[in-house]
Amino acid sequence: MIAIGCDHGGFLLKKTIINYLDQKNLQYLDFGTDDMEKTVDYPKYAYLVAKAVSEGKCEKGILCCGTGIGVSIAANKISGIRAAVCQDEFSAEMSRKHNDANILCLGGRIIDENKAMLLSDIFLNTPFDGGRHYRRILQIEQIEKGNFKV
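The opening position of the sequence shown corresponds to residue 0 in numbering that gives the first Met the number 0, with each subsequent residue numbered one higher.
What follows is the structure, encoded as structure tokens:
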């Protein structure tokens, strides 16, 4: 299950990604917004998607706003979330392989719809490499818990 959400700046990308998910027969929960004409606050949608992922209701998430930056900052405040802003294929791939990112953040004013589908496909289909990278994920978890030792 994929959690998906956006603000008004990412609305068109969200629609495109939902079409992609439908074509691939992937299940998703849409947390809104449902209108690009009304200005909304991105932290609400980032929170809803991040909570669904952190609580295990959804395996991964995709968030869209104007740049992808705002939703990534908000989503990363939730424990267990590793939200990555990606604008190119290499970043989308490495966010999964090396960082085990669980939320992809995209910018509706930065990338076009074709790029959004491509990055979503890479993100959703690239496995985490584990190994030495797993050690770093554990360190991130220690930072979240407030007991990271340098």
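Yeah, the Cβ is synthetic: ideal placement off N, Cα and C, and Gly gets one too.
Within 10 Å of its beta-carbon, does residue i have 16 or more other beta-carbons around it, so buried, or fewer, so exposed?
i      : result
Ser71  : buried
Tyr41  : buried
Ile142 : exposed
Lys13  : buried
Phe147 : exposed
Is the separation between the beta-carbon of residue i and that of residue j shorter than 9 Å?
i     : j     : result
Ala73 : Ala49 : yes
Ile17 : Val52 : no
Cys85 : Cys5  : no
Ile61 : Leu11 : no
How big is the Cα-Cα spacing for residue i and residue j?
i      : j      : result
Lys96  : Glu36  : 37 Å
Ile68  : Asn124 : 23 Å
Ala82  : Lys23  : 23 Å
Tyr19  : Lys59  : 15 Å
Asp128 : Ala91  : 14 Å
Asp111 : Thr38  : 21 Å
Pro26  : Gly145 : Pro is not the amino acid found at residue 26; the sequence shown has Gln there. Taking the straight line from one Cα to the other gives about 35 Å.
Between the options, which has its C-alpha nearest residue i's C-alpha?
i      : options                          : result
Phe89  : Thr66, Ser78, Ile77 and Lys114   : Lys114
Ser78  : Val84, Leu105, Asp128 and Ile136 : Ile136
Ala45  : Ile3, Ser94 and Met93            : Ile3
Met0   : Asp29, Thr15 and His7            : Asp29
Leu117 : Ile139, Asp87 and Arg131         : Asp87
Asp33  : Tyr133, Gly8, Asp21 and Gly55    : Gly8
Asp21  : Ile139, Lys43 and Ser119         : Ser119
(message) Could you tell me which whole alpha helix (DSSP H) segments of length 4 or greater appear in the region 60 to 110?
(response) 68 to 74 and 88 to 96
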